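*Asks:* Just so you know, we're using our numbering here: the sequence shown kicks off at 47 and counts up by one. Backbone N, C-alpha and C fix where the C-beta goes; we use that ideal spot for every residue, glycine too. In this text the structure is predicted, and so the values were computed from the model without any measurement.
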Amino acid sequence: MNTDHYLGVPNRTWNRILRVWPEYREQGSWVVSAHNAPAHKSKIVRDFLARRSITVLKHPSYSLPVTSTFPPFILKTSLRTFDYYLFRSLQNNLNGKKFVSFEDLKNHISAFFDDKSNHIHILY
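Written out as structure tokens, the structure reads:
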């Protein structure tokens with residue numbers, strides 16, 4: 047993925063969201079997660095985010111150790127396992143679904159995480 051392609055995604059997303067939900071025009075109310083990929087940290091992308099007052103949340107290193115309160119088999123892995131499981135599961139849950147409003151989407155995602163919370167505690 048190059049910078050031009052990477053920059054096209056937030057441009058299209060930004061324009062679509064502002065067209066559908068004009069209440070989200072307020073600058074400074076956006077936060078994005080960024081990795082250390084060259085396309086993510088290029089000057090063009092940084093300028094785009096700065097012009098729109100979008101806060102960049104640095105992506106944590108996947109080498110962070112998991113605390114000893116977790117089961118031993120988890121200690122051999124990293125936080126990446128948890129991220130992958132949780133967000134892949136959310137993606138699968140959202141596939142094919144259409145939402146009438148942003149509020150419907152928020153409610154659906156909240157219900158998804160509420161339902162997962164017991165399962166996640168059992169796994170981890």
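Residues in its own chain within less than 7 angstroms of SER99 by CB, not counting five upstream and five downstream?
*Replies:* On the sequence shown, residue 99 is found 53 positions in, with the first residue counted as 1. Cβ within range, chain order: GLN73 and GLY74.
*Asks:* Determine the DSSP secondary structure at SER79, reduced to helix, strand or coil.
*Replies:* On the sequence shown, residue 79 is found 33 positions in, with the first residue counted as 1. The answer is strand: DSSP assigns SER79 an E or B state.
*Asks:* Strictly by DSSP, which residues pair up with LEU103?
*Replies:* Numbered from its first residue, the sequence shown carries residue 103 at position 57. BP columns for LEU103 point to SER79.
*Asks:* Would you mind reading off the limits of the alpha helix (DSSP H) that contains PHE94?
*Replies:* The residue given as residue 94 occupies position 48 in the sequence shown. Run containing PHE94: 89 to 97, per the alpha helix (DSSP H) assignment.
*Asks:* With DSSP run on the structure shown, which of helix, strand or coil describes TRP67?
*Replies:* Position 21 of the sequence shown, counted from the first residue, corresponds to residue 67. Coil at TRP67, not helix or strand.
*Asks:* Whole angstroms is fine: what's the gap from TRP76's alpha carbon to ALA157's?
*Replies:* Indexing the sequence shown from 1 puts residue 76 at position 30. Indexing the sequence shown from 1 puts residue 157 at position 111. A direct Cα-to-Cα measurement between TRP76 and ALA157 gives close to 23 angstroms.
*Asks:* Under 8 angstroms, with one C-beta from each stretch per pair, do the region 85 to 103 and the region 52 to 67 reach the 3-pair mark?
*Replies:* Cβ pair count under 8 angstroms is three or more, so yes.
*Asks:* Helix, strand or coil: which one does DSSP assign to LYS152?
*Replies:* Walking along the sequence shown from the start, residue 152 turns up at place 106. It is helical.
*Asks:* Consult DSSP for PHE14 and reduce its assignment to one of helix, strand or coil.
*Replies:* In the structure displayed, the chain extends from 47 to 170; residue 14 sits before or after that span and is not available.
*Asks:* Roughly how many angstroms separate the alpha carbons of ARG97 and ARG58, rounded to a whole number?
*Replies:* The residue you call residue 97 lines up with position 51 of the sequence shown. The residue you call residue 58 lines up with position 12 of the sequence shown. Taking the straight line from one Cα to the other gives about 16 angstroms.
*Asks:* To the nearest angstrom, report how far apart ARG65 and ARG134 are at their CA atoms.
*Replies:* Stepping through the sequence shown from its first residue, residue 65 is reached at position 19. Stepping through the sequence shown from its first residue, residue 134 is reached at position 88. Near 28 angstroms, if we compare the C-alpha coordinates of ARG134 and ARG65.
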